[in-house]
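Undergrad: Structure incoming, see below.
Put into structure tokens, the structure is as follows:
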């Protein structure tokens with residue numbers, strides 16, 4: 046008789062529901078198996094808003110840095126406003142799904158889950174975000190949205206509470222769409238010259254990694270790992286990413302922005318027996334330590350980029366969400382651990398929601 050532990054049971058259930066070879070099933074980090082915190086009665090004043098209109102048009106959007114020089118670091122207020130307006134439905138979907146999944150995993154109200162599934166199913170049936178008529182900003186929106194949605198989906202797919210067990214048809218429809226989006230994302234971001242590989246490629250790789258594990262697609266997992274290696278092998282001995290240094294006054298901000306997808310990919314790879322921590326002489330650790338030092342005193346970034354750093358983004362707590370997976374990989378201590386605790390909980394819709402609940406659930410109970 047084979048005894049199945051509570052840790053492996055959810056993965057086996059997912060396989061039974063959605064297929065896949067048991068011996069090769071991809072899994073997320075352990076925190077994604079957590080069940081619903083507390084099943085609450087009543088609607089809790091929750092109302093399901095109508096799903097945003099599925100975006101099926103050309104992915105041609107203006108950049109918020111339109112008109113900037115090669116550094117792409119000077120904000121164009123008018124073009125940013127146009128960008129926000131034209132991508133409003135996409136962002137509403139990303140944030141809405143992340144919020145509803147988070148609410149459901151906390152409160153267990155069926156209406157919250159039903160609404161999130163309705164939104165995703167509506168977009169899946171419309172085959173939204175699949176246009177091959179795109180510019181750089183357009184393909185960027187596609188991979189950001191995919192990472193947000195798949196990141197949230199992982200919490201449903203692997204939860205001990207098995208929220209998708211009664212929604213097989215919808216789940217299958219949604220996951221097939223995720224796979225189509227991921228494969229297009231692979232086409233969008235493959236084979237770029239090294240000088241063009243920056244934080245965008247890392248975020249694309251995260252979206253593909255999240256989808257790979259959510260849908261058990263080994264080829265997507267392998268692509269994400271490959272892109273991760275390209276990224277961290279750009280980190281130099283001093284912990285700088287040359288293509289982010291080019292962002293001049295925003296160099297430090299973009300180093301910080303490069304860390305969430307890289308740390309998440311490494312964490313997911315670790316959960317599947319692929320240890321990326323030592324890649325390029327512990328490059329991910331070096332990168333994180335450099336950013337933390339820069340946030341305390343940006344003098345080295347000022348010198349390397351040749352200009353005083355814009356620290357606005359470094360004042361936003363959620364921008365350090367990468368500390369959760371990073372500290373799980375490298376065992377943070379001292380000032381770094383204290384900093385993480387001070388800034389918790391971390392919630393990032395582009396990483397699928399509440400990453401502190403996934404990586405350090407006891408921290409929220411202490412707040």
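Residue numbers (my numbering): 46 to 412.
Quick reminder that beta carbons are idealized off the backbone N, C-alpha and C, glycines included.
1) If contacts are defined as beta-carbon pairs under 8 Å, then residue 257 and residue 269 qualify, I think. What distance do you get, rounded to the angstrom?
2) Nearest to residue 398 by CA position, among 369, 261 and 285, is which residue?
3) Threshold first: 4 residues or longer. Then list the alpha helix (DSSP H) segments lying entirely within the region 305-362, N to C.
4) Determine the burial state of residue 400: buried for a count of at least 16 other Cβ atoms within 10 Å of its Cβ, exposed for fewer.
5) Within 9 Å of any Cβ in chain D, is that where the Cβ of residue 355 sits?
6) Relative to the C-alpha of residue 165, which candidate in 214, 152 and 203 has its C-alpha closest?
7) What are the partner residues of residue 399, as DSSP defines its beta bridges?
8) Rounded to whole angstroms, how far is the Cβ of residue 206 from the Cβ of residue 87, which I believe are closer than 8 Å?
9) Span of the alpha helix (DSSP H) holding residue 153?
10) Rounded to the nearest angstrom, what separates residue 288 and residue 299 at their Cα positions?
11) Would you give the residue range spanned by the alpha helix (DSSP H) that residue 269 belongs to?
12) Would you tell me roughly how many angstroms separate the C-alpha atoms of residue 346 and residue 123, rounded to the nearest one?
13) May I have the straight-line CA-CA distance separating residue 225 from residue 309, to the nearest angstrom?
14) With H, G and I counted as helix, E and B as strand and the rest as coil, what does DSSP make of residue 162?
15) Thinking just about the alpha-carbon of each residue, which of 135, 175, 149 and 101 is nearest to the one in residue 83?
16) Along the chain, where does the alpha helix (DSSP H) containing residue 233 start, and where does it finish?
17) Quick one: using the 10 Å Cβ neighbour count with 16 as the cut-off for buried, is residue 305 buried or exposed?
18) Given 8 Å as the limit, is there contact between the region 278-297 and the region 218-233, that is, 3 or more CB pairs closer than that?
19) How big is the Cα-Cα spacing for residue 102 and residue 176?
20) Please state if the CB of residue 375 and the CB of residue 337 are separated by a distance shorter than 9 Å.
21) In this structure, does DSSP put residue 181 in helix, strand or coil?
22) Should residue 232 go down as buried or exposed, given a rule of 16 or more other Cβ atoms within 10 Å for buried?
23) Please state if the CB of residue 273 and the CB of residue 324 are separated by a distance shorter than 9 Å.
24) Residue 341 to residue 156, Cα distance in whole Å?
25) Shortest alpha-carbon distance to residue 173 belongs to which of 154, 254, 267 and 223?
TA: So, from the listed chains and residues:
1) 6 Å
2) 369
3) 324-341 and 344-350
4) buried
5) Looking at the structure shown, chain D is missing, and only one protein chain is on hand.
6) 214
7) 392
8) With a Cβ gap of about 19 Å, residue 206 and residue 87 do not count as contacting.
9) Run containing residue 153: none; DSSP gives neither H nor E here.
10) Across the structure, residue 288 and residue 299 are spaced so that their CA atoms are roughly 9 Å apart.
11) 263-277
12) Going by C-alpha positions, residue 346 is about 29 Å away from residue 123.
13) So the two alpha carbons sit approximately 22 Å from each other.
14) helix
15) 149
16) 213-234
17) In the assembly as shown, residue 305 is a buried residue. Its beta-carbon has 16 or more other beta-carbons within 10 Å.
18) no
19) 7 Å
20) no
21) Helix at residue 181.
22) exposed
23) yes
24) 44 Å
25) 223
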